[in-house]
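See below for the structure under consideration.
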Amino acid sequence: MIQITTSDRFNITPFRSFMTNVGSLGAGILAISVVFLLAGVNPLFAVSEIFMGSFGSMYGIKETITKAIPLILIGAGLTLAFRAKFWNIGAEGQLLMGAIFATWTAQALGNSLPATLTVPLVFLAGFMGGALWGIIPAILKIKYAINEVITTLMLNYICAEFMTMLIVGPWKGKSRFGFPGTDNLPDAALLGVIPGSRIHYATLILAVICAVVLTVLIYKTRFGYEARVVGENPDAGKYAGINFLKTSLILMAISGGLAGFAGVGEVAGIHHYLGYPASVSSGYGFTAIIVAWLAKLNPLYAILSGIVFAGIIVGGDAIQISLGLPAATVQIVNGILLIFLIMGDYFLHHKIKIKFGK
Amino acid sequence: MEEIIISTIQRTMVAGTPLLLATTGEVLCERSGILNLGVEGVMAVGAVVAFIVTMTTGQPWLGVLAAVGAGMAISVIHAFASISLQANQVVSGLALTMLGLGLSGMLGKPYVGRPLSIKMEDVAIPYLSDIPYIGKALFHQSPFFYLAIVLALVAWFFLERTRLGIQVRSTGENPKATETQGVNVYAVRYWSVIIGGAFSALAGAHLSISYSKSWVEGMTAGRGWIAIALTIFALWNPGRAIWASFVFGGIFVAQYLMQPLGISPNFLAMLPYAATLIILLVISLLDAKKLNAPAMLAAPYKRGER
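Protein chains in written order, with the working numbering: chain U, -7 to 350; chain X, 2 to 307.
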């Protein structure tokens, strides 16, 4: 007989928490290996290809950092929302809305204002676009008790259709030869890149600053405390005089606004025009959910986990080419890693004893 | 004009069918206290498995069976994470959706753009289909349509009128008290999640072997999420899910009806998603307190805890 008993664990050290994450990722990679085996691919080869594709060359490292920028921005914003148990699944739409606002501002101002004025205004507009798309579900949740998972998701679809409507209709550029997409943004609105790469450094610096500021906000300010109370104990929050609507609006404006920043980076830093939603975002809003979770909802750690998942995206692209695997492979990898990460929490919070014998 | 009305009703029923199947499954699951946000992913897996098996065997019903099996199997992941390991149900469901969408894309890649030569034939109900107008619109449909309605009614009867159904509901309302009555809360919840997954997979199978007869990555197009919203709209009652789903089927069809009016197709494509938000808002404005949501929805249950 094998007897398994579990008991709660109360002394959770940062080291144990870190090791649990490592263990979860390791177990996840094992599970992914099984999927690769079933798909007829040598898992050792696939995993090493993913790693070599993302971190094994200068080109890979540059691409990984490029893709880490939106993930860090969105992931850091999500840590704040998730701490308040606000399940913001709408970062994808918030990113797109940021891109739309940024494009509009750039096209309207970029030809008359210098870059020193245009770029900050484009960033501001992007933040506002994302924030607007983030506070709608906050209002609907707090004032009308409507589940935010559904609303944020529906707003993703609505924004994607709205954006497509713009680029095939009123915003369709004259220089696109009839293909959907806006004209290129004016030069004054474009973000500089590190030479020889696609890394738009202004956004990279912004991402790191945002992660640091958010960490301070969460751990050192009254607002951070309120956000946590809103999530953990709504009843106690009422007695403590916390204004739910105000707190939720602020935290979703920040979470959505950071996704909006990511949209600015994609449009003004990489594509230089507004194209199809799928080409502007490629699922950063969803991947960032895992980034936030791996970061244990700590915005500072989101920098590191953002880089890890950017590596998975870049490495995933690499194995698509070298192993002929479909694009969906990255989604499988992400899904499995996320499942193992949340299951790992059980082993962080419980002691498990296995006894052999009678 | 008659033709248009008949075909509109018919297409509304077709568009509502997968929504009804998925919603019924989610009602069953949520009534036991487990929120499953994996519907979209399980639906995609159901769609691709049904398509592949139907294409290789030439037997649509074998495809349906395989899809149901696959849907149940993949749902075990969510059940294990959220019931046994008390993981966060929101995140676990999202992970299931990511995994399901990914797996369906991987499995279905060689089948993209290949039409199904053997399709599931529509069935005309004898006598009833001879009724003028509604006979053609309502009683000459895909087997999935009848199946969806029958299963929703069965689910309603099960939940409201049977002993086992009461156990499912009380598991969602007060698991601790239910456990003291000698009911195995974990087992009830496991089965609710797994059966719910079977329903989602059926919805997916309808999409790929009856509705469109082809496989395209991402063909579920958010229907799984709409089903989760419909669960609220139906106030966790499979009976109400029937008309709620067909109201939404109508909204899907309205897209195509309005297109000749010169409205942007992308604007019309927003309709189902915008309608979801508006309807949830209306429900909330009417009477949010009477929503009837299971009291312990999404709260993990831990045996032996006070």
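For each residue, glycine too, the CB sits at the ideal point set by N, CA and C. Computed from a predicted model, the values in this text were never measured in an experiment.
Where residue i falls: helix, strand or coil (DSSP)
{"i": "residue 260/X", "result": "helix"}
{"i": "residue 213/U", "result": "coil"}
{"i": "residue 131/X", "result": "helix"}
{"i": "residue 1/X", "result": "Residue numbering for chain X in the displayed model covers 2 to 307; residue 1/X lies beyond these limits and cannot be assessed."}
{"i": "residue 337/U", "result": "helix"}
{"i": "residue 125/X", "result": "strand"}
{"i": "residue 264/U", "result": "coil"}
{"i": "residue 348/U", "result": "strand"}
{"i": "residue 58/X", "result": "helix"}
{"i": "residue -1/U", "result": "strand"}
{"i": "residue 77/X", "result": "helix"}
{"i": "residue 7/U", "result": "helix"}
{"i": "residue -6/U", "result": "strand"}
{"i": "residue 185/U", "result": "strand"}
{"i": "residue 343/U", "result": "strand"}
Residue i, buried or exposed, once every other Cβ within 10 Å from all chains shown has been counted against 16
{"i": "residue 114/X", "result": "exposed"}
{"i": "residue 126/U", "result": "buried"}
{"i": "residue 115/U", "result": "buried"}
{"i": "residue 88/X", "result": "buried"}
{"i": "residue 179/U", "result": "exposed"}
{"i": "residue 201/U", "result": "exposed"}
{"i": "residue 157/X", "result": "buried"}
{"i": "residue 2/X", "result": "exposed"}
{"i": "residue 207/U", "result": "buried"}
{"i": "residue 68/X", "result": "buried"}
{"i": "residue 260/X", "result": "exposed"}
{"i": "residue 80/U", "result": "buried"}
{"i": "residue 244/U", "result": "buried"}
{"i": "residue 342/U", "result": "exposed"}
{"i": "residue 98/X", "result": "buried"}
Closest Cα partner of residue i within the set the options
{"i": "residue 14/X", "options": "298/X, 257/X, 270/X, 247/X", "result": "247/X"}
{"i": "residue 220/X", "options": "205/X, 226/X, 233/X", "result": "205/X"}
{"i": "residue 211/U", "options": "48/U, 71/U, 38/U", "result": "71/U"}
{"i": "residue 267/X", "options": "297/U, 160/U, 194/U", "result": "160/U"}
{"i": "residue 88/U", "options": "12/U, 340/U, 258/U, 296/U", "result": "258/U"}
{"i": "residue 264/X", "options": "157/U, 255/U, 231/U, 171/U", "result": "157/U"}
{"i": "residue 104/U", "options": "124/U, 177/U, 204/U", "result": "177/U"}
{"i": "residue 174/U", "options": "37/U, 99/U, 276/U", "result": "99/U"}
{"i": "residue 215/U", "options": "231/U, 238/U, 42/U, 336/U", "result": "238/U"}
{"i": "residue 266/U", "options": "10/U, 235/U, 94/U, 347/U", "result": "94/U"}
{"i": "residue 110/U", "options": "96/U, 346/U, 122/U", "result": "96/U"}
{"i": "residue 248/U", "options": "74/U, 50/U, 10/U", "result": "74/U"}
{"i": "residue 319/U", "options": "274/U, 133/U, 222/U, 332/U", "result": "274/U"}
{"i": "residue 210/X", "options": "58/X, 174/X, 182/X", "result": "58/X"}
{"i": "residue 42/U", "options": "348/U, 312/U, 341/U", "result": "312/U"}
{"i": "residue 245/X", "options": "8/X, 7/X, 66/X, 18/X", "result": "18/X"}
{"i": "residue 27/X", "options": "222/X, 190/X, 279/X", "result": "190/X"}
{"i": "residue 330/U", "options": "102/X, 140/X, 95/X", "result": "95/X"}
Beta-carbon separation (whole angstroms), residue i vs residue j, contact threshold 8 angstroms
{"i": "residue 22/X", "j": "residue 200/X", "result": "5 angstroms"}
{"i": "residue 143/X", "j": "residue 45/X", "result": "So it is not a contact: roughly 20 angstroms between Cβ atoms."}
{"i": "residue 1/X", "j": "residue 12/X", "result": "Residue 1/X lies beyond the range of chain X shown here (2 to 307); nothing can be said about it."}
{"i": "residue 1/X", "j": "residue 328/U", "result": "Outside the shown range of chain X, which is 2 to 307, sits residue 1/X, and nothing can be said about it."}
{"i": "residue 269/U", "j": "residue 155/U", "result": "5 angstroms"}
{"i": "residue 47/X", "j": "residue 202/X", "result": "3 angstroms"}
{"i": "residue 336/U", "j": "residue 15/U", "result": "6 angstroms"}
{"i": "residue 254/U", "j": "residue 66/U", "result": "5 angstroms"}
{"i": "residue 64/U", "j": "residue 203/U", "result": "6 angstroms"}
{"i": "residue 91/X", "j": "residue 141/U", "result": "6 angstroms"}
Heavy atom of the ligand ATP within 8 angstroms of residue i beta-carbon
{"i": "residue 245/X", "result": "This structure lacks the ligand ATP; in fact it carries no ligand of any kind."}
Point to revise | Residues in the region 212 to 234 of chain X having any Cβ partner in chain U nearer than 9 angstroms | key: The region 212 to 234 of chain X vs chain U, Cβ under 9 angstroms: 218, 222, 223, 226, 227, 229, 230, 233.
Exercise for review: Residues of the region 90 to 111 of chain X with a CB closer than 8 angstroms to any CB of chain U: list them in chain order, please.
Suggested key: Residues of the region 90 to 111 of chain X that bring their beta carbon within less than 8 angstroms of a beta carbon in chain U comprise 91, 92, 93, 95, 96, 97, 98, 99, 100, 101, 102, 103, 104, 105, 106, 107, 110, in sequence order.
Check your understanding: Residues in the region 312 to 336 of chain U with C-beta within 8 angstroms of chain X's C-beta atoms, listed in sequence order?
Key -> If the cut-off is 8 angstroms between Cβ atoms, the region 312 to 336 of chain U has 317, 318, 319, 320, 321, 322, 323, 324, 325, 326, 327, 328, 330, 331, 334, 335 near chain X.
Exercise for review: Could you list the residues in the region 141 to 152 of chain U with a C-beta less than 7 angstroms from some C-beta on chain X, going in chain order?
Suggested key: So the close ones are 141, 142, 143, 145, 146, 149, 150.
**Study point:** Positions along the region 61 to 82 of chain X whose CB lies within less than 9 angstroms of some CB in chain U
**Key:** Under the 9 angstroms Cβ criterion, the region 61 to 82 of chain X contributes 78, 79, 81, 82.
**Study point:** Contacting positions in the region 269 to 280 of chain X - beta carbon closer than 7 angstroms to chain U
**Key:** Within the region 269 to 280 of chain X, the residues whose Cβ lies closer than 7 angstroms to any Cβ of chain U are, in chain order, 270, 271, 274, 275, 277, 278.
**Study point:** Proximal residues, the region 156 to 189 of chain U versus chain X, C-beta separation under 8 angstroms
**Key:** Here the close residues are 156, 157, 160, 161.
**Study point:** Contacting positions in the region 243 to 262 of chain X - beta carbon closer than 9 angstroms to chain U
**Key:** Close to chain U, meaning a Cβ-Cβ distance shorter than 9 angstroms, is no residue of the region 243 to 262 of chain X at all.
Check your understanding: Looking at chain X, which residues of the region 25 to 50 of chain U have a Cβ within less than 7 angstroms of any of its Cβ atoms?
Key -> From the region 25 to 50 of chain U, only 31 have a Cβ closer than 7 angstroms to chain X.
Check your understanding: Closer than 7 angstroms, Cβ to any Cβ of chain U: which residues of the region 37 to 49 of chain X, in chain order?
Key -> Within the region 37 to 49 of chain X, the qualifying residues are 38.
Point to revise | Contacting positions in the region 155 to 186 of chain X - beta carbon closer than 8 angstroms to chain U | key: If the cut-off is 8 angstroms between Cβ atoms, the region 155 to 186 of chain X has nothing near chain U.
**Study point:** chain X contacts from the region 72 to 85 of chain U (Cβ-Cβ distance under 8 angstroms)
**Key:** Within the region 72 to 85 of chain U, the residues whose Cβ lies closer than 8 angstroms to some Cβ of chain X are 79, 81, listed in chain order.
Point to revise | Under 7 angstroms (Cβ pairs) to chain X, residues found in the region 239 to 251 of chain U | key: Contact residues of the region 239 to 251 of chain U toward chain X are absent (C-beta to C-beta distance below 7 angstroms).
**Study point:** Contact residues within the region 266 to 281 of chain U, judged by C-beta distance below 8 angstroms to chain A
**Key:** The chain inventory of the structure shown lacks chain A, comprising the protein chains U and X.
Practice item. Could you name the residues of the region -2 to 20 of chain U whose beta carbon sits closer than 9 angstroms to any beta carbon of chain X, in the order they occur along the chain? Key: If you check each beta-carbon in the region -2 to 20 of chain U against every beta-carbon of chain X, none falls closer than 9 angstroms.
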